[in-house]
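Here the structure is laid out as structure tokens; the discussion comes afterwards.
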């Protein structure tokens, strides 16, 4: 919770000031490092450091990433999508982790390895494919870039 609280003060502000793309990449990178530290922690101090870093990635994932997705939805669907997203996301995480520890293994190694690999895959994908939010660019009055990015969302990467 220390990591979550600490990064809540700066990650959303950085995303509103400098754009959505780099705070997302930075959050995923921090999460990846946190997973690696937790996986190889040989003392409680290292485990705490890994958990703090993992917590620092949450505002980037749950605020910046989510806002990036929501910005382009029509207004009449936003409330429903937000409700469904948080309901499904939280319930799925609780059930998946409970199922893993109840029926698959009591060891954290396998679930941590899976989480680390999916985080690495997300990092590579976001770095290579994610463009800046067109809404952010419009708000910063960078209209030419926003036009190109809107066309990317509408027509795909071959514009």
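In this note's numbering, the protein residues as written are 5 to 163. Heads up, the beta-carbon is just placed ideally off N, CA and C, and yes, glycines get one too.
- For secondary structure counted as the beta strand (DSSP E) over 3 or more consecutive residues, the segment 51-117 holds no complete run.
- In the three-state reduction of the DSSP assignment, residue 23 falls in the coil class.
- Close CB contacts of residue 6 within its chain, under the 8 Å cut and outside five residues either way in sequence, are with 56, 59 (chain order).
- In the three-state reduction of the DSSP assignment, residue 46 falls in the coil class, being assigned neither a helical nor a strand state.
- The Cβ-Cβ distance between residue 11 and residue 61 falls below 9 Å.
- The C-beta separation of residue 32 from residue 123 comes to about 6 Å, placing the pair in contact by the 8 Å criterion.
- DSSP places residue 11 in the uninterrupted alpha helix (DSSP H) bounded by 6-12.
- With distances taken between CA atoms, residue 73 lies nearest to 25 out of 125, 45, 34, 25.
- The beta-carbon distance between residue 130 and residue 29, rounded to whole angstroms, is 6 Å. This is short enough to meet the 8 Å contact definition.
- Under the DSSP assignment, residue 139 falls in the alpha helix (DSSP H) whose first and last residues are 138-143.
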